[in-house]
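In the numbering used here, the protein residues as written are 4 to 180. Accompanying notes for the structure given below.
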């Protein structure tokens, strides 16, 4: 069985092409950005708020198609001025770094709303959610927000492991119109 992150990549792969514009809304160590770049996309915006993580990741990714942004994902609309083919979020904290710095419901919902607006028709967004104790409030807020979206405008699916409490899960979104 593939990891939830690999499943998120599989979900996004169908919309990637040479001219694709992508957003890694939670850059971290750059694994999702690397995935986009290996699929020969035109541009990847990567958002990160932790300076040490940002600097290290930027120094490791040597690709002219990568646009690093040292700012929160809730401000993506200030940097991205074009329609986007694929967007990925990994909510929670950056593994192997300060677990006290993590995404939060308020800025995450702001970012999701802006990302949905930037997404082009037939574009896809993957939300990888970790509903551990601290992330439970955020995961509930995200799901409540998404359940209110028009089903004629967005197809939204959830993939989860049923027999494990608090396992990470994927919400896949495709913009229909």
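The C-beta atom is built at its ideal place from N, Cα and C for all residues, glycine as well.
In this structure, residue 35 places its C-beta atom within 8 Å of the C-beta atom of residue 93. In the same chain as residue 43, and ignoring 5 residues on each side of it, the C-beta atoms closer than 6 Å to its own belong to 21, in chain order.
Considering only 41, 31, 32, the residue with the shortest C-alpha distance to residue 12 is 41. Along the region 19 to 59, the alpha helix (DSSP H) occurs as fully enclosed runs of 4 or more residues at 34 to 41, listed in sequence order. In the DSSP assignment, residue 88 falls within the unbroken beta strand (DSSP E) covering 87 to 93. Within the region 94 to 179, the runs of beta strand (DSSP E) that reach at least 3 residues and sit entirely inside it are, in chain order, 122 to 132, 157 to 162, 172 to 178. With fewer than 16 other Cβ atoms inside 10 Å of its own Cβ, residue 136 counts as exposed.
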